[in-house]
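This report refers to the structure that appears directly beneath it.
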């Protein structure tokens, strides 16, 4: 195995590879121009000086659009037992890549924004701390809106869509990242809650003690959603107590697609029965 600079024209992409969106290509191309290619793609050396792409289709497309060489880890075909092992390598690279939850994405965007503000202050005065998520330096929604607009405006529209850093996205990220660090740490342990942007925004708008209680109720399962937690805290009757299936559905919708698929697999018999009954009812 070695790392080489290759012409994208020499790299063949498998016909079954996932298509790359134009936004992804443009956003990564802009990143290449600003900071260079940080992570190599992986290829297998073939015949006649050509290579087969294992993973890194987005990076390859970006380099192709710029007409530049791409850094690649070059492996030999004898490093793989067969085509199936090559495919498994590609799959594992995708599956084990960590997808950010709404909370993680917000903290990363907020920290990125804080670093940018330190170098490009929107308002006069002392520079903000570099870790905005640790102690927000923004004191009002107006200031947050202004900062979000200025920061997101430094990216192209394609990059904003691909990286989810439009003005609205950045505003929401700054609000969520303002949740105290100790509460964020607790939320992070519950992936369903950590990936529920609206609930995180609601929590961010509450005083610390109330927010802490909401988080406790949601993580423990005493409350099935934000409104339920508020009703418990305020000791008011719950307007419409949720049925068992509704409580399960609330949890289910927080799951990642692969987790939902696992649930379907475990309950395949019930799913097939339901589908058969629906089909019969339509006749």
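In our numbering, the protein residues as written are 3 to 285. Even for Gly, the Cβ is constructed at its ideal location relative to N, Cα and C.
Counting other Cβ atoms within 10 Å of its Cβ, residue 79 stays below 16 and is therefore classed as exposed. Sixteen is the threshold: when 16 or more other Cβ atoms of the shown chains lie within 10 Å of the Cβ of residue 150, as they do, the residue is buried. Contact between residue 88 and residue 46 holds: their C-beta atoms lie close to 7 Å from each other, under 8 Å.
Within the DSSP secondary-structure output, residue 53 pairs in a beta bridge with 13 and 47. Sequence-distant Cβ neighbours of residue 27 in its own chain, meaning closer than 6 Å and more than five residues away, are 63, 64 and 67.
Under the 10 Å beta carbon count, residue 237 is surrounded by fewer than 16 other beta carbons and is classified as exposed.
When the beta-carbon positions are compared, residue 112 and residue 175 come within less than 7 Å of each other.
Among the bridge pairs identified by DSSP, residue 195 is matched with none.
Taking every protein chain shown into account, the CB of residue 58 has 16 or more other CB atoms within 10 angstroms, so this residue is buried.
Under the Cβ criterion (8 Å, minimum of three pairs), the region 33-41 does not count as touching the region 6-23. Inter-residue distance for residue 83 and residue 106 is about 38 Å (C-alpha atoms, whole angstroms). Distance from the CA of residue 254 to the CA of residue 207, rounded to the nearest whole angstrom, comes to 25 Å. Only buried fits residue 228, as 16 or more other CB atoms lie within 10 angstroms of its CB. Within the model, the alpha-carbon separation for residue 249 versus residue 220 is close to 12 Å. Within a 10 Å sphere around the beta-carbon of residue 44 sit 16 or more other beta-carbons, which makes this residue buried. Counting C-beta atoms within 10 angstroms of its own C-beta, residue 146 has 16 or more neighbours from the protein chains shown and is therefore classed as buried.
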